[in-house]
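Residue numbers (the working numbering): 18 to 439.
Here is the structure we will look at, set down as structure tokens.
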Amino acid sequence: MSRTLTAAPLHQGSRARRQVATVVASPDAASVGRAIPLDGTPTTVGRTDQAGLVLADPRLSGLHAVFRPGRGGRVPSIADLGSRNGTFVDGAPVQSAELLPGAVVRLGDTCLVLDDLSESDDPLLLGGSSAIAALRLRLAEVAPTPLTVLLLGETGTGKELAARRLHQLSGRGGRLVPVNCAAIPEHLAESTLFGHRRGAFTGATDSAPGLFVQADGGTLHLDEIGDLPLPVQAKLLRVIEDLEVTPVGGRRGRRVDVRIVAATNVDLRAAVGTGGFRPDLFARLEEWPVRLPPLRDRRADVVLLARTWLGERDLSADAAEALLLHDWPFNVRELAQLCRRLTVAVEAHETIVVDDLPSELSDQLRSRRRPPAPGDDREQLEAALGRCLGNVARTSRMLGISRRTLYRRLSELGLDPEDYRG
18 MSRTLTAAPL
28 HQGSRARRQV
38 ATVVASPDAA
48 SVGRAIPLDG
58 TPTTVGRTDQ
68 AGLVLADPRL
78 SGLHAVFRPG
88 RGGRVPSIAD
98 LGSRNGTFVD
108 GAPVQSAELL
118 PGAVVRLGDT
128 CLVLDDLSES
138 DDPLLLGGSS
148 AIAALRLRLA
158 EVAPTPLTVL
168 LLGETGTGKE
178 LAARRLHQLS
188 GRGGRLVPVN
198 CAAIPEHLAE
208 STLFGHRRGA
218 FTGATDSAPG
228 LFVQADGGTL
238 HLDEIGDLPL
248 PVQAKLLRVI
258 EDLEVTPVGG
268 RRGRRVDVRI
278 VAATNVDLRA
288 AVGTGGFRPD
298 LFARLEEWPV
308 RLPPLRDRRA
318 DVVLLARTWL
328 GERDLSADAA
338 EALLLHDWPF
348 NVRELAQLCR
358 RLTVAVEAHE
368 TIVVDDLPSE
378 LSDQLRSRRR
388 PPAPGDDREQ
398 LEAALGRCLG
408 NVARTSRMLG
418 ISRRTLYRRL
428 SELGLDPEDY
438 RG
């Protein structure tokens, strides 16, 4: 039996996360942000008053689909109720399927994501996904302390924005001074960071204070810290530990009060193992590691971010779904660049449609929708096995096929579920 659903209040990131499916795009604008709890009783979705969640979406059937909770350690699921336009999970049509975190559900022209969105007024770290809420909380915990912070994450995940947010929350009165360590010529790295005296080297016609002195009382953001030369790493460690800077060519040091926020998109621990990074500096920088989530792990934020950057333009259901299903290898930076291109290329459009998107995204959505030809569904099966950790029963439910059919396809393709068990 399904229940009538009221609008779920958006919450702050410090609260325990619930299992929910949240509406992120719909022609029923008032429904965006509403959440379907997946730990209670089943909830139907449709256009009629008999549905638990009623949406003004003309492509929905009266009773379109039902979300079933995942109680007792079970995974939540969805089942189509004989709808006219079908139910899709991660772009593929299903009769029933299990719903893992981050799954994208399409019903009519409405898209939902398995994530619990939170409300935030953070102007830098935009989004409401559970991943970004956890990031905000971890930054807020360390911001008022003097601990050195190491920001880890793939390129384009927003490490510079996280450093700016840390500085804002720290209450430090000095400046935030950012520097890209990869862009400093090796022979100038020491003088750039620590300063130099006039005549200290060829071309030093004047004295310069260096970035540590410029950041005195504030925060020094050392981006791409893994690219610092080894000799400079040793001197950086000494400055961090002693909080005293001696310029190149100088004899007397100067005390500084500087908070270090380092960042990298490489594996520093692996670099330590190969001799490319000093282990003592790594240990000092890793006082408070913070990993920034890739955009593929915060799917619920994709449409929100896109709408923020697209201005007055809206997204069609197919365009929204294509954005949600893309892996975004270059993360938030890639999405921002795409939105900037779209605002120029489709200036006269009020709504961005799927054909306005790069062919990589539009073709990906169409290929997911197309029933796989014999021998053409290996990638889909491997992805499903991976997400279900080789559990055949769970994989068959996710794909909406019988276990007998799944075993036959696995045999035909030479796939062994045991290879995917965690």
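Backbone N, C-alpha and C fix where the C-beta goes; we use that ideal spot for every residue, glycine too.
In whole angstroms, what is the alpha-carbon distance linking residue i and residue j?
i, j, result
"L164", "N348", "28 angstroms"
"E364", "D372", "14 angstroms"
"R383", "D344", "15 angstroms"
"P202", "A160", "31 angstroms"
"R255", "G227", "16 angstroms"
"R276", "P311", "26 angstroms"
"H204", "N282", "23 angstroms"
"L169", "S135", "23 angstroms"
"V122", "D107", "6 angstroms"
"L398", "R76", "29 angstroms"
"G403", "R192", "46 angstroms"
"G267", "H213", "7 angstroms"
"A232", "V194", "6 angstroms"
"G63", "D56", "20 angstroms"
"R295", "L117", "40 angstroms"
"M415", "V111", "8 angstroms"
"G292", "A336", "46 angstroms"
"A339", "L378", "6 angstroms"
"L352", "V37", "25 angstroms"
"I418", "T61", "22 angstroms"
"H366", "L341", "21 angstroms"
"R420", "T58", "27 angstroms"
Where does the unbroken beta strand (DSSP E) through residue i begin, and where does it stop?
i, result
"T236", "236-240"
"S94", "94-97"
"T39", "37-42"
"F294", "That residue, F294, is in no beta strand (DSSP E); it is neither H nor E in DSSP."
"S137", "Where S137 is concerned, there is no enclosing beta strand (DSSP E), given that its DSSP letter is neither H nor E."
"S113", "113-115"
"T127", "127-130"
"V265", "Run containing V265: none; DSSP gives neither H nor E here."
"L169", "166-169"
"A453", "In this structure the chain extends from 18 to 439, so residue 453 is not present and cannot be described."
"P195", "193-197"
"P306", "305-308"
"I53", "52-54"
State buried or exposed for residue i, treating a residue as buried only when at least 16 other CB atoms are found within 10 Å of its CB.
i, result
"A82", "buried"
"D74", "buried"
"A410", "exposed"
"Q354", "exposed"
"Y424", "exposed"
"D436", "exposed"
"D223", "exposed"
"D472", "With the chain covering only 18 through 439, there is no way to say anything about residue 472."
"P264", "buried"
"T412", "buried"
"A251", "exposed"
"L406", "exposed"
"S113", "buried"
"D66", "exposed"
"G145", "buried"
"D97", "buried"
"V71", "buried"
"T104", "buried"
"P93", "buried"
I'd like to know whether the C-beta of residue i is nearer than 9 angstroms to at least one C-beta of chain D.
i, result
"L80", "Looking for chain D here will not work: only one protein chain is present."
Using three-state DSSP, classify residue i as helix, strand or coil.
i, result
"G63", "strand"
"H366", "coil"
"N408", "coil"
"P248", "helix"
"I257", "helix"
"H81", "coil"
"H213", "strand"
"F229", "helix"
"N102", "coil"
"A287", "helix"
"R123", "strand"
"D372", "helix"
"L416", "helix"
"G392", "Residue placement at G392 is poorly supported in this model, since its pLDDT is 46, which falls under 50; the coordinates still yield a value, given next. Coil, per DSSP."
"A46", "helix"
Would you kindly report the start and end of the unbroken alpha helix (DSSP H) that includes residue i?
i, result
"V273", "Neither: V273 is in no alpha helix (DSSP H) and is coded neither H nor E."
"I149", "147-159"
"S376", "376-386"
"A179", "176-187"
"V320", "319-327"
"L430", "420-430"
- Contact the stretch 296-305 vs the stretch 318-325: 3+ CB pairs below 8 angstroms: no
- Message: For the structure I just gave you, are there three or more beta carbon pairs, one from the stretch 121-138 and one from the stretch 41-48, closer than 8 angstroms?
- Response: yes
- Query: For the 8 angstroms Cβ check, are there 3 or more pairs between the stretch 237-247 and the stretch 177-196?
  - Reply: yes
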